[in-house]
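Taking it in order: structure first as structure tokens, then the write-up.
2 protein chains.
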Amino acid sequence: MRLTRHFLPVMKESPADAQIVSHKLMLRAGLVRQTAAGIYAWLPLGHRVLRKIEQVVREEQDRAGAIELLMPTLQPADLWRQSGRYDAYGPEMLRITDRHDREMLFGPTNEEMITAIFRDAARSYRDLPRTLYHIQWKFRDEVRPRFGVMRGREFLMKDAYSFDLDEAGARHSYNRMFVAYLRTYARLGLRAIPMQADTGPIGGDLSHEFIVLAPTGESDVFYHTNWEADRALDVDADDAEALQTFVSGLTADYAATDEKRDEAREAAAGDALKQSRGIEVGHIFFFGTKYSAAMGMKVQGPDGTDVVPQMGSYGIGVSRLVGAIIEASHDDKGIVWPEAVAPYKVGLINMRADDAACTAAADDLYAKLTAAGVETLYDDRDERGGAKFATMDLIGLPWQLVIGPKGLANGVVELKNRATGEKTELSPDAALARLSA
Amino acid sequence: MRLTRHFLPVMKESPADAQIVSHKLMLRAGLVRQTAAGIYAWLPLGHRVLRKIEQVVREEQDRAGAIELLMPTLQPADLWRQSGRYDAYGPEMLRITDRHDREMLFGPTNEEMITAIFRDAARSYRDLPRTLYHIQWKFRDEVRPRFGVMRGREFLMKDAYSFDLDEAGARHSYNRMFVAYLRTYARLGLRAIPMQADTGPIGGDLSHEFIVLAPTGESDVFYHTNWEADRALDVDADDAEALQTFVSGLTADYAATDEKRDEAREAAAGDALKQSRGIEVGHIFFFGTKYSAAMGMKVQGPDGTDVVPQMGSYGIGVSRLVGAIIEASHDDKGIVWPEAVAPYKVGLINMRADDAACTAAADDLYAKLTAAGVETLYDDRDERGGAKFATMDLIGLPWQLVIGPKGLANGVVELKNRATGEKTELSPDAALARLSA
């Protein structure tokens, strides 16, 4: 995409109202604009990142055998009365009345709706197990929205729901998602640590939060230093026993949020105990028959008797991840995108848009990169080189490819790695080959 | 995807409350379920179709140079007070009050918001022209929602907005979208005819609706028989003059909705005049400075003076298109999906799941089709062949591949084309080659 035809409003100064680095950088780099308290429009660059994260999340859900559907944003209040949560939920639920005075709400989560949909369709044990998920905008009317998309009101969430015949099956489904989540975060360039968690308004007795370490995180976390190493995630998730052993092996290493600290385990960890701050990027729950029983869901079991399915739910904050990734990956010049979620792979800089030879060479390389399927943002504006470098560093594309008259005279362009700062001079063809690999 | 692990609740009987064929078939084929009046959950099969249509729409918007972003569903009422539409819009606008008693609304369209976003970022003539679009859920509180997703309340729309320095530029942007729309519908397997339209609450003095012919359509339409032929759409959209000539050439052939009939032109068409019923699947508007002036948007022109941009807006009902395509493409057995939007390309039927050789052959072909990237729905259930055929005909995948013991004894499988009913016997390898082509 040529910058002269794009919409990328960057800011030189940090906005006064942004308190944390991801919020500042998302505004400065033109990723989002606030349209109301806690509500954001995703500008083209931010939208591309959001879609890439969504796609990684989707691929790992599909790989785990979960089935995608899409539930609407608005829900009837009556559905939430069936579970008893309509009155219990409190002022974070955005309650709406339509033109016929019917009570509705903007869904903050979907346990009730998915249970109703699956209840009306599933007949027998052959219809189980199933895990269904969707990626949809949710709304929670936070009393004080802040930190940009990290604690916004309208946010994009992937939420999955599992239905099993018995508790052993449900635990297998839970473990499947447990591993799918670790795979997802690894692909996004994040190290996320699962920590035992309270179940809160969702209910149930088994729950984990996934926390990304970041010095600017919202809460204190404590963990064994083993969590700082890479973990192999190549377990056979279809083998329930092997999977349970794998998950138990992982969670044998201590990790806890402030509310869940365990003195004995911390003492056992000794010098291996680490403290940091963290950001929650996922939360999974097993809650048995809480919703299926309340909403009258049952299927015929193999022996002909009725079975009330065991359920779990599994959430990842997709829009929140954009902020979390920036918190975990930036420097004083701007964002440093992991390649898997970068809005473009390459930023191509024409140093002299007023120089015909330089522009011809840049145009040519842009055409070749595009033809090779390399996602390229081409800064073809007639601006100073310094401003172009600053913009590219700010928006944090993994590679910068710089074309200037001096280099061209020697037959070379400059390739810069945004994360390491390493610069290489090479021929345009070699640069093309390197970036298309 | 194996049907034994999928979620595809088909119905044998037509639901009593569905009046039109697309609504009946969408319920029967397990594409959607109603969750509240005029609000639908998209089940896995329907969700796949929705995403495919969305992707075709996106690709043609990108090709036309439009830039994707994503605005939120909820908007502040104050934004709509700037244009004067908050009070004018009427009861179709879903008005919402948040916990701090701030007035909000669920966006039915986004002229105000995009104007505010672009106004705050665009500085000079160099920032124009731009066309920005998003694909987002909208809400219109229809007094009597009906016809399934064709007239629902929560619906998915692609809406684009163009900003130009002058009226000639705006007309060029309008014509670009005009052609992009025709390309989009052609790729979706639809013949859509542009018809001059009223501008309604959007305002402005130039507008076209795009209408798909369907005997079950919502309104009467009249058109020259030339519109029944294929149209070449290979004009150079960057050449404003050539594009205008092309668009004028198209619209020289008469086409009008009931409200816009022209007796003289109908008389001139003579025997070539045709009448049908139609479904609106898109609407484009040029409305000059209506929103930019009201909302104080201006940029510095090339001569240093302020310019108020000329705007247009361009909508395609993505979720409505699912229904419109079914209205235009079905038979008495079910849906007949055009290949570009089919949820899967192939339905693989194992006629005898209780026969080890038959199942081994079907499993093998399923693995090979999947490895070749052919989207395949594999009916591996232990059910009668007749029920499997009926389901496949109902859900309308373009190809059915049938594996049975008799054929296998002769080394053949049967390939059926859903649209034509044509059946071919061929070896499994030949079927694989045909479907992977």
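Chains as they are written, first to last, in our numbering: chain C, 1 to 437; chain W, 1001 to 1437. Don't be surprised by glycine CBs; every beta carbon is placed ideally from N, CA and C. Computed from a predicted structure; not experimentally measured.
Identity of the residue in C/Tyr161, C/Leu213, C/Ala255 nearest glutamate 112 of chain C by Cα: With distances taken between Cα atoms, glutamate 112 of chain C lies closest to C/Tyr161.
Do phenylalanine 222 of chain C and glutamine 275 of chain C have their CB atoms nearer than 8 angstroms? In this structure, phenylalanine 222 of chain C sits near glutamine 275 of chain C, with a CB-CB distance shorter than 8 angstroms.
Can you round the beta-carbon distance between methionine 1 of chain C and arginine 28 of chain C to whole angstroms, since I take them to be within the 8 angstroms contact cut? The Cβ separation is near 20 angstroms, so there is no contact.
Counting only C-beta atoms, is glycine 1065 of chain W closer than 8 angstroms to chain C at any point? Taking 8 angstroms as the CB threshold, glycine 1065 of chain W lines the interface with chain C.
The segment 1063 to 1089 of chain W: which residues have C-beta closer than 8 angstroms to a C-beta of chain C, in chain order? For the segment 1063 to 1089 of chain W, the set of residues with a beta-carbon nearer than 8 angstroms to any beta-carbon of chain C comprises Gly1065, Ile1067, Glu1068, Leu1069, Leu1070, Met1071, Pro1072, Thr1073, Leu1074, Gln1075, Pro1076, Leu1079, in chain order.
Below 8 angstroms between beta carbons: does that hold for arginine 277 of chain C and threonine 216 of chain C? Threonine 216 of chain C is positioned such that its CB atom lies closer than 8 angstroms to that of arginine 277 of chain C.
Rounded C-alpha distance that separates valine 1346 of chain W from phenylalanine 1178 of chain W: Their backbone Cα atoms lie some 33 angstroms apart in a straight line.
Meets three-Cβ-pair contact criterion under 8 angstroms: the segment 31 to 40 of chain C and the segment 134 to 151 of chain C: Verdict: yes, contact present.
Between the Cα of methionine 295 of chain C and the Cα atoms of C/Tyr89, C/Met71, C/Gln34, C/Ile114, which residue gives the shortest distance? It is C/Ile114.
Cutting at 7 angstroms between CB atoms, please list the residues of its own chain near glutamine 75 of chain C, excluding the five before and the five after it. Within the same chain, glutamine 75 of chain C has close Cβ partners Met104, Leu105, Gly107, Met113.
With DSSP as the reference, label tyrosine 366 of chain C as helix, strand or coil. Here tyrosine 366 of chain C sits in helix by DSSP.
Can you name the start and end residues of the beta strand (DSSP E) that arginine 1085 of chain W belongs to? Boundaries for arginine 1085 of chain W: no beta strand (DSSP E) harbours it, while the alpha helix (DSSP H) harbouring it runs 1085 to 1088, taken from the DSSP string.
Close-in-space but distant-in-sequence residues of the same chain around leucine 1348 of chain W (CB under 6 angstroms, 5 per side omitted): Excluding residues up to 5 positions away in sequence, Tyr1366, Thr1376, Tyr1378, Leu1401 lie with their Cβ nearer than 6 angstroms to the Cβ of leucine 1348 of chain W in the same chain.
Given that glutamate 154 of chain C touches chain A, what residues does it touch there, using C-beta distances under 8 angstroms? The chain inventory of the structure shown lacks chain A, comprising the protein chains C and W.
Rounding to the nearest angstrom, what Cα-Cα distance links arginine 99 of chain C and alanine 1077 of chain W in this structure? One C-alpha to the other measures close to 17 angstroms.
Suppose contacts are defined by Cβ-Cβ distances below 8 angstroms. Is valine 336 of chain C in contact with arginine 418 of chain C by that definition? Yes; because the gap between Cβ atoms is below 8 angstroms, this pair is in contact.
Closer than 7 angstroms, Cβ to any Cβ of chain C: which residues of the segment 1008 to 1036 of chain W, in chain order? Listed by position, the residues of the segment 1008 to 1036 of chain W near chain C (Cβ gap below 7 angstroms) are Pro1009, Arg1033, Thr1035, Ala1036.
Should the segment 285 to 300 of chain C be regarded as contacting the segment 161 to 171 of chain C, the criterion being three or more beta carbon pairs within less than 8 angstroms? With contact defined as three or more Cβ pairs closer than 8 angstroms, the segment 285 to 300 of chain C and the segment 161 to 171 of chain C are in contact.
Under the assumption that tyrosine 1125 of chain W contacts valine 1308 of chain W (Cβ atoms under 8 angstroms), give the Cβ distance between them as a whole number of angstroms. The distance from the Cβ of tyrosine 1125 of chain W to that of valine 1308 of chain W is about 12 angstroms, inconsistent with a contact at the 8 angstroms cut-off.
Between the Cα of proline 1302 of chain W and those of W/Asp1127, W/Asp1364, W/Leu1250, W/Gln1136, spot the shortest distance and give me the residue it belongs to. Of the candidates W/Asp1127, W/Asp1364, W/Leu1250, W/Gln1136, the one whose C-alpha sits nearest the C-alpha of proline 1302 of chain W is W/Asp1127.
Where alanine 242 of chain C falls, given that 16 or more other Cβ within 10 Å makes a residue buried: With fewer than 16 other Cβ atoms within 10 Å, it is exposed.
I'd like to know if arginine 58 of chain C contacts chain W, where contact means its C-beta is closer than 8 angstroms to some C-beta of that chain. Interface annotation, arginine 58 of chain C: not in contact with chain W, CB-CB separation never under 8 angstroms.
Give the DSSP bridge partners of arginine 33 of chain C, in chain order. Answer is C/Ala41.
Beta-carbon neighbours of methionine 392 of chain C, restricted to chain W and to distances below 8 angstroms: Residues of chain W with a Cβ closer than 8 angstroms to the Cβ of methionine 392 of chain C do not exist; the shortest Cβ-Cβ separation is about 19 angstroms.
Using DSSP's beta-bridge definition, name the partner residues of phenylalanine 246 of chain C. Per DSSP, none; premise fails for phenylalanine 246 of chain C.
Nearest-angstrom Cα separation, counted from glutamate 414 of chain C out to aspartate 331 of chain C: Looking at the two C-alpha atoms, the distance is approximately 21 angstroms.
Kindly indicate which three-state DSSP category valine 235 of chain C falls into: helix, strand or coil? DSSP, read as helix, strand or coil, puts valine 235 of chain C in coil.
Residues of the segment 155 to 181 of chain C with Cβ closer than 7 angstroms to any Cβ of chain W, in chain order: Answer set for the segment 155 to 181 of chain C: empty.
Is methionine 104 of chain C close to chain W? Criterion is C-beta to C-beta, closer than 8 angstroms. Closer than 8 angstroms to some Cβ of chain W, the Cβ of methionine 104 of chain C qualifies, so yes.
Based on Cα-Cα distance, which residue from W/Thr1109, W/Val1021, W/Gly1385, W/Leu1190 lies nearest to valine 1056 of chain W? Answer by Cα proximity: W/Leu1190.
Thinking just about the alpha-carbon of each residue, which of C/Ala192, C/Ile193, C/Ser436, C/Trp399 is nearest to the one in glutamate 422 of chain C? Closest option to glutamate 422 of chain C, Cα to Cα, is C/Trp399.
Out of W/Ile1395, W/Glu1339, W/Arg1063, W/His1006, state which residue places its alpha-carbon closest to the alpha-carbon of leucine 1182 of chain W. For leucine 1182 of chain W, the closest C-alpha among the options W/Ile1395, W/Glu1339, W/Arg1063, W/His1006 is that of W/Arg1063.
For arginine 187 of chain C, tell me which candidate among C/Glu60, C/Val281, C/Ser219 has the shortest Cα-Cα distance. Per the Cα distances, C/Glu60.
Contacts that tyrosine 40 of chain C makes with chain W (C-beta to C-beta distance below 8 angstroms): Under the 8 angstroms cutoff, chain W gives Pro1072.
Within this structure, are the beta carbons of valine 21 of chain C and valine 149 of chain C separated by less than 8 angstroms? No.
According to the Cβ coordinates, are aspartate 159 of chain C and serine 313 of chain C closer than 8 angstroms? Taking 8 angstroms as the Cβ cut-off, aspartate 159 of chain C and serine 313 of chain C qualify as a contacting pair.
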